[in-house]
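Undergrad:
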Amino acid sequence: TTADGGPAARSFPDGFLWGTATAAYQIEGAVDEDGRGPSIWDTFVRTPGKMLVDATADVACDHYHRYPEDVRLMKELGATAYRFSISWPRIFPDGTGTPNPKGIDFYSRLVDQLLAAGIAPFATLYHWDLPQALQDRGGWTSRETPEAFGAYAAHVAEQLGDRVGHFFTINEFSNLVDSGYATGILAPGLQLPAQQVNQVRHHAVLGHGLAVQAIRAHGRPGIKVGPADNSNICVPVIDTPENVRAAETAMRETNAGLITVMLEGRYTDAYLEAAGADAPAFTDADLAVIGSPLDFVGVNIYQTNFYVRASDDVATHPLGYEVLPFQPSHPHFASWHHVSPESIYWGPRLIQSVWDPAEIYITENGCAATDELVDGAVADTARVMFLRSYLGELQRATAEGARVKGYFHWSVIDNFEWIAGYLNRYGLHHVDFDTQVRTPKLSAEYFRQVTRTNAVV
Ligand code: GBH
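Below is the structure:
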């Protein structure tokens, strides 16, 4: 409330969930414990020439042993939700076959700890750590992988679906598909021809659909499920009615192989035309699975992907929109991460105007900084600026009616940042990777004020 007792202008809706997000491979460590099988990331970090820096996640944040402390940190933030991922190779060390009960036990203990702390568990089934045994048989190029993913989802829903009310299927589809199988910058590090990449993309959304159906069939009634996608966020470069319409078209078409087919149950004509002879093989039955109804859209939003404006030059822009390149001088955090707070306003607004999902979650948002400990403290003023500006735009979206139900900050603790190893720190808490000591940064104090007031401060 404001000084005069009225509702604060910068408040979020009542019941808005404030959380943080992590992924199994980036925090857990304990890669050889309790029967876990190897994943493609264990292989990738040991393959010469793949990592930007020499690092593994064998220990990472040692969260596998320190999860009670990490849940305490979340409670101190005033968080009411937590998005974590489940390691498929802990549950099925060979990807399929007999489940490993010790794998589920870990997540069961974590979930109980969260519930005792008043924090709602939101579980991601796949955050990139495919069992190596499945990769050895083709990984996501093979239809066996989406089918195995469905079976894994069913088992997890049976074991945890009594206490976990929200599941995310797959994290960041385009990184699984394009970074994994086309550019090869992330595991499994392949560079396949276009037809196979399109087939991998089809298998990824098929796996999503099979998991949606499995969770509904095996979880408690009312369980909710959706993706955690890094959909391209298309922003009208200047807010005019024509540019907003152009950005809506760009949202559908630049996400046509992923969130669009998940929400519409069909590939757009332009997507299939552009793919031509390289289009994926698929059936109508596949499309029905892929388009299984969702309870919410989860979307990781770090930045604007495309600044868009309307164009009536049909020869050069047949779909009616033009993409403007980022200026080289555009400010950024990590090299890929343009500072663009408007993305977290336009993302929910356009997802809602194009597809009208029942609910939207911001499943990740955050920024990397150098974050050095000085005299036992980290004064990460850049992250506070980041949070204030992005949350301001998110608040504007909710105030205008976007049905965003919660926000998950990436991340609660510094962790293993994939090919960048431990160089890029994303946490609200600093981690000393020699001692495993966690120290709240200034941004943790800022986040606590946000959760306390349910408003941008
Ligand atoms: C998300 O990825 C992930 O879901 C999460 O696991 C990750 O920790 C977080 O965001 C922060 O990055 O180094 O230039 O070759 C965001 C997408 C994909 C961005 C890999 C960096 C490597 C680009 N990330 N990408 S580069």
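Heads up: the sequence shown at position 357 corresponds to 358 in UniProt numbering, and the numbers run straight through without jumps.
Just so you know, even glycine gets a beta-carbon here, dropped at the ideal spot from N, CA and C.
Residues in its own chain within less than 7 Å of Ser175 by CB, not counting five upstream and five downstream?
TA: Taking the sequence shown and counting its residues from 1, one reaches residue 175 at position 174. So the list reads Asn231, Leu259, once near-sequence residues are dropped.
Undergrad: Count the other C-beta atoms from every protein chain shown that fall within 10 angstroms of the C-beta of Lys442, then say buried if there are 16 or more, exposed otherwise.
TA: Translated into the one-based positions of the sequence shown, residue 442 becomes position 441. With 16 or more other Cβ atoms within 10 Å, it is buried.
Undergrad: Taking the alpha-carbon positions, what's the Arg138 to Val206 distance?
TA: Here the question's residue 138 lines up with position 137 in the sequence shown. Here the question's residue 206 lines up with position 205 in the sequence shown. Using only the alpha carbons, I get a separation of about 19 Å.
Undergrad: Assign Val413 to one of three DSSP states: helix, strand, or coil.
TA: Along the sequence shown, one-based indexing puts residue 413 at 412. Of the three classes helix, strand and coil, the one that applies to Val413 here is coil, per DSSP.
Undergrad: Do Gly227 and Phe169 have their C-beta atoms within less than 8 Å of each other?
TA: Locating residue 227 in the sequence shown gives position 226, where the first residue counts as 1. Locating residue 169 in the sequence shown gives position 168, where the first residue counts as 1. Yes; because the gap between Cβ atoms is below 8 Å, this pair is in contact.
Undergrad: Leaving aside the five residues before and after Asp296 along the sequence, list all residues of the same chain whose C-beta is less than 7 Å from its C-beta, in chain order.
TA: Reading the sequence shown from its first residue, position 295 is the one you call residue 296. Once the five neighbours on either side are set aside, the close Cβ partners of Asp296 are Lys225, Val226, Gly227, Ala359, Glu360.
Undergrad: Quick one: residues in its chain with C-beta nearer than 6 Å to the C-beta of Gln27, no 5 flanking neighbours on either side, listed in chain order?
TA: The residue labelled residue 27 in the question sits at position 26 within the sequence shown. Within the same chain, Gln27 has close Cβ partners Asn416, Phe417.
Undergrad: Can you tell me the Cα-Cα spacing of Ala275 and Ala456, whole angstroms?
TA: By one-based count along the sequence shown, residue 275 stands at place 274. By one-based count along the sequence shown, residue 456 stands at place 455. About 44 Å.
Undergrad: Starting from Pro242, follow the alpha helix (DSSP H) in both directions and report where the run begins and ends.
TA: The sequence position of residue 242 within the sequence shown is 241, counting from 1. Run containing Pro242: 242-255, per the alpha helix (DSSP H) assignment.
Undergrad: Tell me which same chain residues have a C-beta within less than 8 Å of the C-beta of Leu264, skipping the five on either side of it?
TA: By one-based count along the sequence shown, residue 264 stands at place 263. Only Gly292, Leu295, Val298, Trp356, Pro358 meet the Cβ criterion.
Undergrad: What is the C-beta distance between Ala398 and Pro349, in whole angstroms, given that I count them as a contact (C-beta under 8 Å)?
TA: Reading the sequence shown from its first residue, position 397 is the one you call residue 398. Reading the sequence shown from its first residue, position 348 is the one you call residue 349. With a Cβ gap of about 5 Å, Ala398 and Pro349 count as contacting.
Undergrad: Which of the three DSSP states, helix, strand or coil, is assigned to Gly166?
TA: The residue given as residue 166 occupies position 165 in the sequence shown. Coil, per DSSP.
Undergrad: Please state the DSSP three-state secondary structure of Ala316.
TA: Here residue 316 refers to the residue found at position 315 when the sequence shown is read from its first residue. Reduced to three states, the DSSP call for Ala316 is coil.
Undergrad: Report whether the distance from the Cβ of Ile302 to the nearest heavy atom of ligand 1 is below 7 Å.
TA: Counting from one through the sequence shown, the residue named residue 302 turns up at place 301. False, no ligand heavy atom lies under 7 Å from that Cβ.
Undergrad: Spell out the partners DSSP gives Gly227 in its beta bridges.
TA: If you number the sequence shown from 1, residue 227 lands on position 226. Phe169.
Undergrad: Return the Cβ separation of Thr269 and Glu254 in integer angstroms, given the expectation that the two are a contact with Cβ distance under 8 Å.
TA: The sequence position of residue 269 within the sequence shown is 268, counting from 1. The sequence position of residue 254 within the sequence shown is 253, counting from 1. With 8 Å as the limit, Thr269 and Glu254 qualify as a contact, their Cβ atoms being about 6 Å apart.
Undergrad: Using C-beta distances below 7 Å, list every residue in its chain close to Asn256, excluding the 5 sequence neighbours before and after it, in chain order.
TA: On the sequence shown, position 255 is the one that residue 256 refers to. These residues qualify, in order along the chain: Ser232, Asn233.
Undergrad: Can you give me the C-alpha to C-alpha distance between Asp179 and Ser412, rounded to a whole angstrom?
TA: For the purposes of this step, residue 179 is taken as residue 178 along the sequence shown, with counting starting at 1. For the purposes of this step, residue 412 is taken as residue 411 along the sequence shown, with counting starting at 1. Straight-line Cα distance between these residues: approximately 24 Å.
Undergrad: Helix, strand or coil, according to DSSP, for Ser232 in the structure here?
TA: Taking the first residue of the sequence shown as 1, we reach residue 232 at position 231. The answer is coil: DSSP assigns Ser232 none of H, G, I, E or B.
Undergrad: Identify which residue in Trp89, Tyr108, Asp63 has its Cα closest to the Cα of Gln133.
TA: Within the sequence shown, the letter at position 132 stands for residue 133. The shortest Cα separation from Gln133 among Trp89, Tyr108, Asp63 belongs to Trp89.
Undergrad: Bridge partners of Glu323, per DSSP?
TA: Within the sequence shown, the letter at position 322 stands for residue 323. BP columns for Glu323 point to Arg310.
Undergrad: Please confirm whether any heavy atom of ligand 1 lies closer than 7 Å to the CB of Leu187.
TA: Mapped onto the sequence shown, residue 187 falls at position 186. Yes, ligand 1 has a heavy atom inside 7 Å of this Cβ.
Undergrad: Please confirm if the region 212-223 is in contact with the region 144-162, defined as three or more CB-CB distances below 8 Å between the two stretches.
TA: These segments touch.
Undergrad: Sort out for me which residues DSSP pairs Pro122 with in a bridge.
TA: Residue 122 sits at position 121 when you count from the first residue of the sequence shown. Tyr83, per the DSSP bridge assignment.
Undergrad: So what does Gly16 bridge to, in DSSP terms?
TA: Counting from 1 along the sequence shown, the entry for residue 16 is found at position 15. Gly16 is not bridged to any residue.
Undergrad: Rounded to whole angstroms, what is the Cα-Cα separation between Gln113 and Ile92?
TA: For the purposes of this step, residue 113 is taken as residue 112 along the sequence shown, with counting starting at 1. For the purposes of this step, residue 92 is taken as residue 91 along the sequence shown, with counting starting at 1. Checking the sequence, you will find Asp at residue 113 rather than Gln. Roughly 18 Å between the two C-alpha positions.
Undergrad: Taking only the alpha-carbon atoms, compute the straight-line gap between Tyr153 and Tyr127 and give it to the nearest angstrom.
TA: Locating residue 153 in the sequence shown gives position 152, where the first residue counts as 1. Locating residue 127 in the sequence shown gives position 126, where the first residue counts as 1. So the two alpha carbons sit approximately 10 Å from each other.
Undergrad: Could you give the DSSP three-state label for Asn366: helix, strand or coil?
TA: Your numbering for residue 366 matches position 365 in the sequence shown. The answer is coil: DSSP assigns Asn366 none of H, G, I, E or B.
Undergrad: Determine the extent of the beta strand (DSSP E) in which Gly299 is found, giving its start and end residues.
TA: One-based indexing of the sequence shown puts residue 299 at position 298. 298-301 is the span of the beta strand (DSSP E), which, as asked, contains Gly299.
Undergrad: Per DSSP, Ala378 is paired with what?
TA: Stepping through the sequence shown from its first residue, residue 378 is reached at position 377. Paired residue(s): Val375.
Undergrad: Do you know offhand how far Ile302's Cα is from His430's?
TA: Counting from one through the sequence shown, the residue named residue 302 turns up at place 301. Counting from one through the sequence shown, the residue named residue 430 turns up at place 429. Cα to Cα, Ile302 sits roughly 21 Å from His430.
Undergrad: For Tyr127, name the three-state secondary structure that DSSP assigns.
TA: As a working mapping, residue 127 is identified with position 126 in the sequence shown. Residue state, collapsed to three classes: strand.
Undergrad: How far does the beta strand (DSSP E) with His430 in it extend, from its first residue to its last?
TA: Start at 1 with the first residue of the sequence shown, and residue 430 comes out as number 429. Counting along the chain, the beta strand (DSSP E) containing His430 begins and ends at 430-432.
Undergrad: Excluding the 5 residues preceding and the 5 following Gly6 in the sequence, name in chain order all residues of the same chain whose CB lies nearer than 8 Å to its CB.
TA: Along the sequence shown, one-based indexing puts residue 6 at 5. Only weak support is given to the placement of Gly6: the predicted model assigns it a pLDDT of 48, under 50, and the value that follows is read from those uncertain coordinates. The answer is none, since no qualifying residue turns up.
Undergrad: So which of Ser344, Arg202, Phe448 has the shortest CA-CA distance to Thr261?
TA: Here the question's residue 261 lines up with position 260 in the sequence shown. Comparing Cα-Cα distances from Thr261 to each of Ser344, Arg202, Phe448, the minimum goes to Arg202.
Undergrad: Please name the residue, chosen from Ala229, Tyr68, Val309, that lies closest to Ala118 on a Cα-to-Cα basis.
TA: Sequence index remark: in the sequence shown, residue 118 carries index 117 (1-based). The candidate whose alpha carbon is nearest that of Ala118 is Tyr68.
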